[in-house]
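Protein chains in written order, with this note's numbering: chain A, 2 to 408; chain B, 2 to 408.
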DNA sequence: TGTATTTGTTGCCCTTGGAGACAAATATCT
DNA sequence: AGATATTTGTCTCCAAGGGCAACAAATACA
């Protein structure tokens, strides 16, 4: 009912403190392991020196941040202590995929402390997946130090997830429909569990710690084995939509004469732009998909131009053309400053950047200097771990007081 | 640089008061001329009775709101006074269009106090338009009472407007490119002037006072004489994008085999779905476009099925099919709760609602109960006046203290 | 070595919202 | 009609939080 972000709740004296604590913690969190000096926090928040001191002290007493002497002393004046997140509060990130379930222990600041992987199959039922995940989480929990405490679990689901309660509405890979994965996992582990779409969490990670750091409007497009997912940040906030299903850019129409998609429409982006035909043309298996990028580049650099390489180039150009159409629609709709490409879309783009860039010219204002930039994702394979952890941390970041009383 | 909406600034004691004042004023503003009781404000904000009393008193002392006895006494208990906006603070709304420039004097709460219209031609230069507008605004200013004061001017521009400074980057109707319309008008009138895209302001109006009242995620699609514009609200906030060009849904691809659009691409929504062919088939002129809706309905209700009416039906179905594709893409991207159709798109939809609704079925989750609703716009011809005024009021609504000192 | 600069630290003040007691105004029940 | 319950305005006092100014500390630079 009150989902509107235009503030309706007033601010009391207590929520004032809470918001300021959250602001400081978020700033420190976003600065990652490098941390940021107390004077920087003063400048960025606009708060008084004494206030920042008090806020940092409270966060420190709760064990969330720690102060240290600055390593390099550059400017004149009394050096300001560096405030950085501790690794006492940790989250577990989970990403169930076709072949395996990946997990990680992640600390504040986006640092991956430990990884774990369990094999899975495509015909896994939701309750089986919960079982597998729960035991894997318990393995990770054993690695926790005595001082560390678990904030919760974040799950990056390849499918549609209802934000409200984490219900997995649709996960095509596993054939799940309306599976309460989140609730089951939560009751099995007795920990708070939250879930969201994988690409939505991808853009969260990339926008906080990756290529989109500090950028308020960006679109993330990820090409995976079985489709294309999208995540959007606008005005500095993740775009979830009414229920959390926003960002399904894989179902943008790119070809009226295209193949019918599993969604029922024809010529969707993800029916026209696929990894499988590229791998096939290159003679690579699914497991060798890491080599896709270099193989494509090799095919494009080949001067002689064999029959096979020209076939590859044609397919790449074809796919890039369709990708361009979808990206153009996204730009016209969202006016982002940055398009981040992940998965095989990054490889596709790298093979012939000019093709996509030119394709983006066919839109209003394209000629002006205010055009968007297309870049590959910066975060590597940890992106979903970081994004899922970000989700798990979100409550803590919004209200550091709610957790762990001061000692 | 700091365009991100994730709070970076801390909250001091002064901004605390400012935010609470703004929250209360916004709530009263959104409740329109009906106003809302003080007890309602207490409940909705979560603030204390005494605090609300103080805040309302301050707003009243600034002349922005006034209290009055409740008209109907429904429930038990001491009756709570009704707080409603006054019409002392007013804004001027401006909408330059092909044939005329429309203006209005608008008060808080979205009430249109006076209207004005001056003839215009399509070949109007920007400076000529500024001249015309400025004199028209001066006419409206004379209607101001002695107690009223002008907040500023808001302009709804049929084209791309840079949010930052109101520069009109592109207005195809007039052939304007990078015209500083806003700055010129501001210096000519010596008043604050802000500008934005017309459909963006349309969704603001419709989302605040119209069909989307209280809904945090909605898309507004408007069909005009010369194209289709779109405006988006997500998470309760208008979606502007990096520079203000978001919402250009008229350039979504709907037909790979379509006509080339002025944007350079082929088969855009606005090349396939147009008002002109409908009017032509119905034998209506541009001036008679108000009758389009009833004429279409008549053609659809005709039982016998003349040659002409079946042609009309075919064209309507064709256009609705393409509209459905664009709407589907928007839904997949934004997951709105509501699609609001304005202009001739509302007429088109009304002629055969089932066609569009069925077309939306071809998307993930369409079968579930969580599907979107499609509705016609509620606000009539005043929509852009209200939206533009909303823009002009936005600074006041965000910080009621900055204006007019307490007497 | 002295000076300018920046920033942490401390004590005090001001503003703001909250809580509670009391009064006022209404509906409802007897 | 009168008593009672309920809701809400009003008033006074209080506590908490941030700002400010003075001082001290720590650095760069001349």
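We treat Cβ as the ideally placed atom computed from N, Cα and C, and that holds for glycine.
Predicted model, so just to flag it, every value in this text is computed and none were measured.
When you compare the CB positions of residue i and residue j, do they come within less than 9 Å of one another, or not?
i, j, result
"residue 117(B)", "residue 140(B)", "yes"
"residue 106(A)", "residue 91(A)", "yes"
"residue 231(A)", "residue 204(A)", "yes"
"residue 363(A)", "residue 314(A)", "no"
"residue 264(A)", "residue 365(B)", "yes"
"residue 343(A)", "residue 223(A)", "yes"
"residue 347(A)", "residue 294(A)", "yes"
"residue 60(A)", "residue 25(A)", "yes"
"residue 101(A)", "residue 72(A)", "no"
"residue 62(B)", "residue 83(B)", "no"
"residue 56(B)", "residue 22(B)", "yes"
"residue 162(B)", "residue 196(B)", "yes"
"residue 190(B)", "residue 135(B)", "yes"
"residue 158(B)", "residue 199(B)", "yes"
"residue 156(B)", "residue 175(B)", "no"
"residue 283(A)", "residue 300(A)", "yes"
Kindly indicate which three-state DSSP category residue i falls into: helix, strand or coil?
i, result
"residue 246(A)", "coil"
"residue 358(B)", "helix"
"residue 195(A)", "strand"
"residue 17(A)", "helix"
"residue 48(A)", "coil"
"residue 397(A)", "helix"
"residue 117(A)", "strand"
"residue 188(A)", "helix"
"residue 140(B)", "helix"
"residue 4(B)", "Only weak support exists for where residue 4(B) lies, its pLDDT of 39 falling under 50; the value from the coordinates is given anyway. It is coil, neither helix nor strand."
"residue 29(B)", "helix"
"residue 308(A)", "helix"
"residue 148(A)", "coil"
"residue 290(A)", "helix"
"residue 80(B)", "coil"
"residue 38(B)", "strand"
"residue 180(B)", "strand"
Between residue i and the rest of its own chain, which residues show a CB-CB distance below 8 Å, the 5 nearest in sequence each way excluded?
i, result
"residue 12(A)", "20"
"residue 271(A)", "228, 229, 251, 252, 262"
"residue 74(A)", "80"
"residue 361(A)", "325, 328, 329, 332, 367, 372, 373, 375"
"residue 276(B)", "224, 225, 226, 290, 293, 344, 345"
Note down, in chain order, each residue of its chain lying with its Cβ closer than 7 Å to the Cβ of residue i, except the 5 sequence neighbours on either side.
i, result
"residue 114(B)", "88, 91, 106, 107, 108"
"residue 278(A)", "316"
"residue 258(A)", "268"
"residue 307(B)", "none"
"residue 285(A)", "292, 293, 296"
What residues in its chain sit with their C-beta under 6 Å from that of residue i, if we drop five residues either side in the sequence?
i, result
"residue 324(B)", "274"
"residue 103(B)", "96, 118"
"residue 297(B)", "348, 352"
What separation, rounded to the nearest whole angstrom, lies between the Cα atoms of residue i and residue j?
i, j, result
"residue 1(A)", "residue 213(A)", "Past the boundaries of the shown model lies residue 1(A); chain A is included only from 2 to 408, so the question cannot be answered."
"residue 86(A)", "residue 98(B)", "55 Å"
"residue 220(B)", "residue 358(B)", "16 Å"
"residue 355(A)", "residue 321(A)", "10 Å"
"residue 42(A)", "residue 32(A)", "11 Å"
"residue 187(A)", "residue 381(B)", "49 Å"
"residue 185(B)", "residue 128(B)", "8 Å"
"residue 51(A)", "residue 44(A)", "12 Å"
"residue 239(A)", "residue 146(B)", "45 Å"
"residue 149(A)", "residue 40(A)", "28 Å"
"residue 396(A)", "residue 403(A)", "9 Å"
"residue 131(B)", "residue 218(A)", "32 Å"
"residue 244(A)", "residue 144(B)", "47 Å"
"residue 400(A)", "residue 318(B)", "52 Å"
Which residue marks the beginning of the beta strand (DSSP E) containing residue i, and which one marks its end?
i, result
"residue 223(A)", "219-225"
"residue 377(B)", "374-377"
"residue 276(A)", "No beta strand (DSSP E) contains residue 276(A), which is instead part of the alpha helix (DSSP H) from 276-283."
Need the endpoints of the alpha helix (DSSP H) that residue i sits in, please.
i, result
"residue 346(A)", "345-352"
"residue 240(A)", "Counting along the chain, residue 240(A) falls outside any alpha helix (DSSP H), and DSSP gives it neither H nor E."
"residue 104(A)", "Note, residue 104(A): premise wrong, no alpha helix (DSSP H); beta strand (DSSP E) at 101-108."
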